[in-house]
Amino acid sequence: MLIKESHVDVPTKASGQDGSMRIYVFHPTIPGYPNARFPGVVVFSEIYQGQFARQIAGQGYICVAPSSYHEFTGPEALKYDAEDTDKGNLWKISKKVAAYDEDASLSVDYLLSLPTCNGRVGATGMCLGGHLAYRCALDQRVKAAVCYFATDIHSATLGEGKKDNSLARAGDIKGELVMIFGKNDNHVPPEGRDLIRKTLHEKGVLFSFYEVAWAQHAFIRDELSKGRYDPAISKTCFEMLLELFGRTLKLDLGDHDGKELKIENAHDVNCQDLFTPTPLRERGCLLPHLGALKFNTLPSSQGGQRPFNMRVNLNFLVFQVFDINDNQDPLAQEEILTRQADILYQRDLYRIQRGPRIVYLSIYGFDVLPSQQGGDSDEILQDLSDLLPIWRRTEWRTAIVRKNTVSGEIEWQTDLVAPHCMDRNVLRVLELCPVYINVLDLIEVKRLKDRVSRVALLQEPTNIPIFMIMKMASFARDVCAMQREVEVYAHLFATAANNLAPDFLGYVYEEHEDRVVGFLMEDFEGRWANADDLEECFDVVTDLHNVGIIHGDLHPSNFIVHEDFGVRVIDFESAEIHRTGNAFVDEEALQEKKDEEIRQLETILLGSPGPSVS
0 MLIKESHVDV PTKASGQDGS MRIYVFHPTI PGYPNARFPG VVVFSEIYQG QFARQIAGQG
60 YICVAPSSYH EFTGPEALKY DAEDTDKGNL WKISKKVAAY DEDASLSVDY LLSLPTCNGR
120 VGATGMCLGG HLAYRCALDQ RVKAAVCYFA TDIHSATLGE GKKDNSLARA GDIKGELVMI
180 FGKNDNHVPP EGRDLIRKTL HEKGVLFSFY EVAWAQHAFI RDELSKGRYD PAISKTCFEM
240 LLELFGRTLK LDLGDHDGKE LKIENAHDVN CQDLFTPTPL RERGCLLPHL GALKFNTLPS
300 SQGGQRPFNM RVNLNFLVFQ VFDINDNQDP LAQEEILTRQ ADILYQRDLY RIQRGPRIVY
360 LSIYGFDVLP SQQGGDSDEI LQDLSDLLPI WRRTEWRTAI VRKNTVSGEI EWQTDLVAPH
420 CMDRNVLRVL ELCPVYINVL DLIEVKRLKD RVSRVALLQE PTNIPIFMIM KMASFARDVC
480 AMQREVEVYA HLFATAANNL APDFLGYVYE EHEDRVVGFL MEDFEGRWAN ADDLEECFDV
540 VTDLHNVGII HGDLHPSNFI VHEDFGVRVI DFESAEIHRT GNAFVDEEAL QEKKDEEIRQ
600 LETILLGSPG PSVS
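Next up, the structure:
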């Protein structure tokens, strides 16, 4: 989603004197929907302010970030160094609590004054910002708040005189609250976390409380975190925020303006020229072809042209194509496609094909079914059929199953949530090509790694397979990563740098095109990078940096080296996009990120043996 950045200065008085506070604004936009109305989120953070706000705004929220210390310094976010840390710690206990509350109230006022805000507001923040987000939730206009490792709530030491009433006022919170801490957070010790949890219970607050094993304070901060940064848990915690805000706040698109989206060409060959869209015919014994695929060429980074089509190897490959009829008993064509254990939520997740449909099942607890511990797919499906009356019904799409802790009986609920999918508004903006393929029309040739497979699509009338790489969100927690990759591909096209990665070919959906769960890319054959490829990989990463992309997860298997066509980069799930002309970007910090990634590149490639990926 595209973001427009600006700021507004508002008058303040609560500090005891007339002043002014700058509020930074990060506003999402959707071409073709000028009347779209978005939820609002107040983002509190004395550091990483813009970075955190952009991540949220990119998911369809108007984010406002008030300058926390406007009474003492300029509006810029503090640096994360010893000098500014000392300043921040001093200002934190010098500012009046009433002034903190005024900042929050003014930020909510501003959001609600915008004609593009739908009237629903949330709040979030980290560290001091987590405490301020909690206090913002005392405002009954705030529908939801996510507080990451919020400091000083347990000790009531925020503000002038180190005295606040945050916990005492917990009963004023009428929205839903999420509190997230690391178990090893020495800023909020176990007894402090227990006090917060106990008080929220006693005050009747609707809340979720998470403590992450092994994590310390500030485990989400990715810079200068002294070894505390945990990217995997950070991703999960961000998804918790998106789940809460997506459920309690909402997006109102309004009517489409009827105008066609203007697509800028990154090459003389338009990405739309690569495919002539052909409606997929109704399901039958033969799989539909991928539009009318043209074997076009795109400029190569080594000069000349490189073929666009996927290389086909028919050796040792046998296809078995089934006739799928919607009227057949779905239980006769039943298969567990994906199973994952979710340790954080203590549940097993299942993605199951039932004839032409795909359904999702969450089993809370690892001992609900006899076959959960060590049973194979057939045994699990048999247990589900024997123990769940809902299993014979075909209308549901998602189900939650748990064991009653008192009676021991198995309980279930269906369709509390819709099946996950990528944000359709994002796909409208990032319509790289008009091809949508039903996942059941693809034949999995080889599982490469979790959520990544080499797949084939048979062309008519020859049945010659087209090989591609499919990457998909098997479950809801994978959606953010998929959308980030699509955003990166769109940015590569927009900056004429799409030759740095395999070609983006189309979207993968389940049941209907509104349920996009993944995408297809070129099967760029080759091997993983090793020390001999350091110079070429350095050039590719530098080119990424030059167009504003920090990859964020470099290792040898994320470089594919082809003998003739050079190096391509894959896996942009952790990537950051920094667009040029952004006045709020800390250029010095950004350059340090780029330099650090180059240093990491040298470290990971030296000594790498470079196994084949084919």
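Residue numbers for the sequence shown follow numbering that gives the first Met the number 0, so the first one is 0 and each next one is one higher. Built from N, CA and C at the ideal position, the CB exists for glycine as well.
Alpha-carbon to alpha-carbon, residue j and residue i
i    : j    : result
L605 : S556 : 13 Å
N498 : V539 : 10 Å
M520 : A417 : 27 Å
G87  : A81  : 10 Å
G191 : L127 : 15 Å
R53  : T579 : 14 Å
L110 : M20  : 15 Å
D375 : L194 : 44 Å
Q372 : T28  : 47 Å
P188 : H130 : 15 Å
D229 : V405 : 37 Å
S14  : T72  : 14 Å
I576 : I548 : 5 Å
D552 : L543 : 13 Å
T123 : V145 : 5 Å
R305 : A56  : Low local confidence applies: a pLDDT of 33 at R305 is under 50, so the model's placement there is unreliable, with the coordinate-based value given in what follows. Roughly 37 Å separates the two Cα atoms.
K173 : V107 : 15 Å
F43  : M125 : 7 Å
Beta-carbon gap between residue i and residue j smaller than 8 Å
i    : j    : result
I22  : P65  : yes
E210 : R476 : no
V566 : F558 : yes
E410 : R401 : yes
L348 : R356 : no
A472 : H419 : yes
Y147 : I219 : yes
L441 : M421 : no
G39  : V120 : yes
L456 : Y506 : no
Per DSSP, cross-strand counterpart(s) of residue i
i    : result
Q332 : Per DSSP, none; premise fails for Q332.
K445 : R453
M467 : V454 and E521
L110 : For L110, which the question treats as bridged, DSSP gives no partner whatsoever.
D341 : R346
V187 : In DSSP, V187 forms no bridge with anything.
A398 : L360 and T413
E70  : None; E70 has no bridge partner.
D8   : R21
G354 : DSSP output for G354 lists no bridge partner at all.
Per-residue DSSP class, three states only, for residue i
i    : result
V405 : coil
S14  : coil
R391 : helix
K91  : helix
M125 : strand
M0   : coil
N34  : coil
V416 : coil
H577 : coil
G181 : strand
D532 : helix
I22  : strand
P65  : strand
N164 : coil
S154 : coil
R227 : coil
N462 : coil
S473 : coil
Nearest candidate by alpha-carbon position, reference residue i, set the options
i    : options                   : result
H200 : I548, L166 and F537       : L166
E70  : R53, A97 and F51          : A97
C236 : T198, A217, I179 and A212 : I179
T247 : A143, F43 and G181        : A143
D563 : E524, D585, I549 and T461 : E524
S104 : C116, T84, R140 and R119  : R140
N117 : Y99, L77, I61 and Y68     : I61
G517 : R450, G15 and R396        : R450
I399 : Q381, Y344 and E378       : Y344
A480 : S573, P114 and G174       : S573
Q412 : P388, R483, T494 and D83  : P388
E408 : L386, D108 and T84        : L386
A169 : T461, E534, S370 and H153 : H153
E596 : D585, C536 and A500       : C536
E242 : V478, A35 and D138        : V478
D100 : T115, V438 and D163       : D163
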